[in-house]
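Notes for the one structure printed next.
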Amino acid sequence: MSWDSQARPPGQPGAGMMTGQRSGGPMQGHSGFAGPPMQGAPPSMPHQNMVGPPMQAGPPAAGHAAMPGQPGGPAGMQGHPGAGQGQHQQPPNMMPPSSPAGPRPMQGQMAGPPGAGSMAGPGAGRMAGPGAGQMAGPGAGQMAGPGAGQMAGPGAGQMGQMAGPRPGSAPSQQPPGGPMQSQPGFAGPPMQGVPPSMPHQNMAGPPMHAGPPAAGHAAMQGQPGGPNSAQGHPSMGPGPGQQQPPNMMPPSSHAGPPPMQGHPGAGQMAGPPGVGPGAGHMAGPPPMGGAVQMAGPGAGQMAGPGAGQMAGPGAGQMAGPGAGQMAGPGAGQMAGPGAGQMAGPGAGPAAPQQRISPESTPHPLAVWQADSDLYTGKTFYTNTPSMVPPLPMTSCHIVDQGNCSSRFMRSTLYNVPVAQEILHNCNIPLGLSIQPFAKVPQRENTIYVVNNGDTGPVRCRRCKGYINPHVSFVDGGRKFVCNLCNFANEVPDHYQCQLDQHGRRLDASERPELSYGSVEFLATTDYCKESKWPEPPAYIFLIEVTYQSVSSGLLNLLSRMLRLIFDELPKDTGEQKSKVRIGLATFDNTVHFYNLKASLAQPQMMVVADVNDVFLPLLDGFLVDVEESSSLIEAVLQELPNMYRETRETTSCLGPAVQAGLEALKAAGCAGKLFVFSSSMPKGDMPGMLKNREDRALFRTDKEKNLYAPQNPFYPDLGANCVKQGACIEMFNCSTASFVDIATMSSMVSATGGEIHLYPYFNIQTDGERLVKDLAHSVGRQTGFDAVMRVRCSSGLRATDFWGNLHMNNTTDVLLAGVDCDKAISVEVKYDDKLGEEGAQAYYQVALLYTSVGGQRRLRLHNLAVSCTKQLAEVYRCADMDTIMNMFLKKAVRKLQDTPYKSIRGHLLEQSIALLACYRKECSEPASGARLILPEALKLLPLYVCSLIKCEAVCAQSDSRIDDKAWLMHQVTCMPVTASVPYLYPTVMPVHTARPDDKGLPAPIRCYYEALQQEGIYLLENGFVLILWLGRFTHPAWVKDVFGVHSLAEIDTEKFGKLQVFDNPTSTRLRAIVAQLLARRSHCMKMVVVLQGSQKEALLRRHLCEDGGGEGTPSYMDLLCHIHKEIRNALA
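For the sequence shown, this note's numbering begins at 161 and goes up steadily by one.
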């Protein structure tokens, strides 16, 4: 299959073969290669592919020797994208050659009387014309003799159409799904003139006689794709139930090829993958215009009188007048008088296509590179209408000009349909991904803070929306019209200002709320609980001190590191000192509080033994300032390991401990965070007791959903109580057991806007450093407390469904005990009524009311305007692929709690097929139904859906832990777009190509196993795990430089935790690459070493999203074929 991309709009780089750019302009037509008209071509084929001068006949070819210009020949194959010397690949339904040195035996799939079978007529077959053959010339080549075709001998059936590797060529590569299969076929009668020693030579006998022309595209009976076919490639042909892989050039004419001549009743031959109308491997300019598409079956690779794939008297694969992959008069992709899908009088079936190359399919690397080329080092202005912002991973300077930065809010559509019916037809979800506290590069403007004093921000009286750059002022500036509900409001006297000749306020540039899409207001007491200013938040650290915690080394690690982490407490911009207070408590089967009041000579410990009714035993001295009580804090931390060194208590009262922390915040009258460090599952007769319910046999069954529901209502209810107080929970689970019921714990943590950090089978050597880094990041990152968020939309739209770590008591207000810079909330928007006319705008406003770490009550606003359209093509053109997939992923994870996996997978595929079928039907130009046409902006949809339905957060593997699956579901729920992209398509980097003097990261490669070289070393990362894969032929010197051992066998992959420091360029460069990857993610990823061929290699293969899964999940190629087939069925 060959792919061409939709034309780029004016002002953006042009699209060509496999361009990765997203469209941003008018839609262009779907044409193939445009070249000068072919001689003898009918006028109905104006876009015939390239035509060149007649080629001269070369000397007769001998045996299987490759001629210049062929694969394996001196100059390599001409015209075939990606092929060259020694790279010709064997089609997937061919028999292997009988001998590397000589011609292969003849094996036809059918045997019968003259003229019967897959080919008929003189010169029939893949090669046509007197004496033509794949390697032609009298008596020589794969086919020889007058009228030679692919059929050998009288009545020969369909032949193996490729003679295997030629001298000097590389062996055929195998497809991703596994080794190619050969087609045994049948042997026909001996050919005339063939010596007895060569009874099965692929030689032609007497000329076949042409039958009457075939009508239409009906496949011949007995052939692949025909009515009685049982043979052939498993995914070929355009017939019902058959799939057409996408690797053919687009047909030269939308009107379809002329009828095929051949056997009576013969029509379009359903061939193996990639054979399409007029498709051939011709060199020429990259295809311009058109969507990503694949051509249907039934095309001869080369056509025209006297032309086969290479034709002419005595010709080899490139030879003679009127023949060749770049052919003379009467030849081309579809060439010559009467040439069509099968060319020449008595043309036979289509030639089998070579193996589909993954490199020819749409992939993210090209898209990312194109977007990077477009925006890196440049400025993107947010007020550009109908423009999709840069991709999340593209480094560029974003300037807020009235619309908020895409770092804070992204929309699935930047051209919104004016009516629900249009959106329903295209099946694209309308929604937002909101990251209110997203990190902003230093070179970009920080959010301005506006203080309007006691009056607070100006609001609309009807919808309660806040004033923003999109409101319009009328009546000399005495009124403003709300952009959300179109209500005309009186402007307060203190806020009035004159207007200029364009109706813009004279002071607009001086007021951030009228100039920028993102802004903060200092709130008044009207926005505070009980109309009182809030206290600064507090951080309480709850540490388990059971035997499991002591023996694993967790308690000793925290005692050493917490004092350093306290120095990283967050503070508001401009403040010299953090106002956050801290508290310490420990728990086993009881809860222990520590009095750290600065006036005490030494700390005091108070124990609450009744865990069924916990309370705070001290009101003063539990929450303290770090600097004032520094000596007491250090004393407690130093003494903790000694106090519990001899403990044998194994019972943990985690639930009551969290209740105790909540009571402490209530007593202090403030919001805050509870940092919980757990090493075991709560057991015993106490609130929050849990049982081991691990049962992997339930994976992919209707009962799997039960594994992700809380065991009891204690933890969900506790989470709801924490939200009321503004207590956010950050849990660090460091258990050495196989099951601790993360699904139940997450119901409490997610409701508060917090996060669970999981360290399976905790090992202090391999996980200790990761724990400390994650804790330091969680303590120091920007966080808002006791927050309420509301999303307002233009009249006719409303926010309905929300995904994230949040809690809701009604349908509009999102309650967040805590929200930090790494969390995102997804919102689905639905229609209440029609929007404005074509060219109007729809508006979104996100208002987040929160308490800062400095104790200020603030209101953060993010505003976004998008265009409205009636044109379905414009909806597709301005779709944001990454945001759509982020929403698909979160929807799938939520449905897992009440829907079987198979139903979720089926729904995703149905929605994707309906989305692409609508584009094919309504937006693309008329074209052959055998082509898969993908919208430019959504051409990666099949790949991302393929990855989504088999990612571990959605599809559990048979060897997966239930806790791991539940933790990933918890992480995905609050995942921003910047994190979902690498999760769905992991980054794979060849580190063996990195030079010591390089500064950046190595260029990534495609995410499938065949892309890995056995002598290479690769890093794979997806935001949660970092895998270092070593090929079996890795150079010993590299192993010595990085691991300090002499061979791969000496590397202990089980105990590996981090890279050792060696003073050599190789080690230094690899550690620098790892450090750059870790700096891009919010989690400190665990690093795993995998050796090729080892059992741990299954971990790597699980993340190679383009390959098929080991438990029935499809590969990218398989899914493309399935989607293509279903779209054809839908259109039919």
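Idealized CB from N, CA, C, for every residue including glycine.
Item                                                                                                                               : Value
Sequence-distant residues of the same chain with beta carbon closer than 8 angstroms to L1075, five excluded per side              : C586, N587, I588, L1098 and L1101
First and last residue of the uninterrupted beta strand (DSSP E) at L1179                                                          : I1177 to E1181
Beta-carbon contacts of A820 that lie in its chain and below 6 angstroms, excluding the five residues immediately before and after : V751 and V774
Run of the beta strand (DSSP E) containing W1198, from where it starts to where it stops                                           : Unbroken run through W1198 is the alpha helix (DSSP H), P1196 to F1203; no beta strand (DSSP E).
For E915, three-class secondary structure by DSSP                                                                                  : strand
For Y535, the first and last residue of its enclosing beta strand (DSSP E)                                                         : No beta strand (DSSP E) holds Y535; the alpha helix (DSSP H) holding it covers P524 to Y535.
Reference S1039; option with closest CA among Y1079, A817 and N1023                                                                : It is Ala, not Ser, that sits at residue 1039 in the sequence shown. Ranking the options by Cα distance to A1039, first place goes to Y1079.
Straight-line Cα distance separating A579 from A1002                                                                               : 12 angstroms
Chain-order list of residues whose beta-carbon lies under 6 angstroms from that of K757 (same chain, five-residue window excluded) : G781
Own chain residues within Cβ distance below 6 angstroms of V853, not counting five before or after                                 : The residue you asked about is not Val; residue 853 is Arg in the sequence shown. Correct list: empty, nothing qualifies.
Local conformation of V818 per DSSP, three classes                                                                                 : helix
Per DSSP, the bridge partner or partners of N1023                                                                                  : Q1005
7 angstroms Cβ cutoff met for V1053 and A1113                                                                                      : yes
Classification of E1096 by the beta-carbon crowding that lies within 10 angstroms, buried from 16 upward                           : buried
At least 3 beta-carbon pairs within less than 8 angstroms: the region 832-842 vs the region 885-893                                : yes
One or two residues paired with N646 in a DSSP bridge                                                                              : DSSP, once it has assigned bridges, lists no residue as partnering N646.
Integer Cβ distance of L1021 from Y687, believed to fall under 8 angstroms                                                         : Actually they are not in contact, since the Cβ atoms of L1021 and Y687 sit about 13 angstroms apart, beyond 8 angstroms.
S571 versus E787 - alpha carbon distance                                                                                           : 45 angstroms
Neighbourhood of I1187 by C-beta, 6 angstroms cutoff - its chain only, sequence neighbours within 5 removed                        : L1180, V1248, V1250 and L1260
Continuous alpha helix (DSSP H) assignments of at least 4 residues falling wholly in the region 931-1013                           : none
Contact set for P730: own chain, Cβ-Cβ below 8 angstroms, skip 5 residues either direction                                         : S738, V740, V939, G940, R941, Q942, T943 and V1013
H1195, buried or exposed, once every other Cβ within 10 Å from all chains shown has been counted against 16                        : exposed
Reference P1060; option with closest CA among Y868, V705 and R622                                                                  : Y868
Pick from G999, G964, L1108 and L1190 that is closest to Q595, judged by C-alpha positions                                         : G964
Beta strand (DSSP E) segments (min. 3 residues) lying fully within the region 665-693                                              : 678-682
Simplified DSSP state of Y868, which is helix, strand or coil                                                                      : helix
H654 - containing beta strand (DSSP E), residue span                                                                               : Note, H654: premise wrong, no beta strand (DSSP E); not H, not E.
At least three beta-carbon pairs within less than 8 angstroms, the region 628-642 to the region 651-667                            : yes
Cβ neighbours of G677 in the same chain (closer than 7 angstroms, five flanking residues each side left out)                       : T542, D560, G562, N563, C564, P629, H1022, N1023 and L1024
Rounded C-alpha distance that separates S669 from D660                                                                             : 12 angstroms
Of the residues S791, V948, N755 and I924, the one placed nearest T972, counting alpha carbons only                                : V948
Where the alpha helix (DSSP H) through M547 begins and ends                                                                        : Looking at the DSSP string, M547 is not in any alpha helix (DSSP H), and its letter there is neither H nor E.
6 angstroms Cβ shell around V771 - same chain, five flanking residues per side excluded                                            : C813, P816 and M846
Span of the alpha helix (DSSP H), counted from its first residue to its last, around I1294                                         : The first residue shown for the chain is 161 and the last is 1292, placing residue 1294 beyond what the model contains.
Alpha-carbon to alpha-carbon, I1283 and M1277                                                                                      : 10 angstroms
Burial state of H917 (16 or more Cβ within 10 Å)                                                                                   : buried
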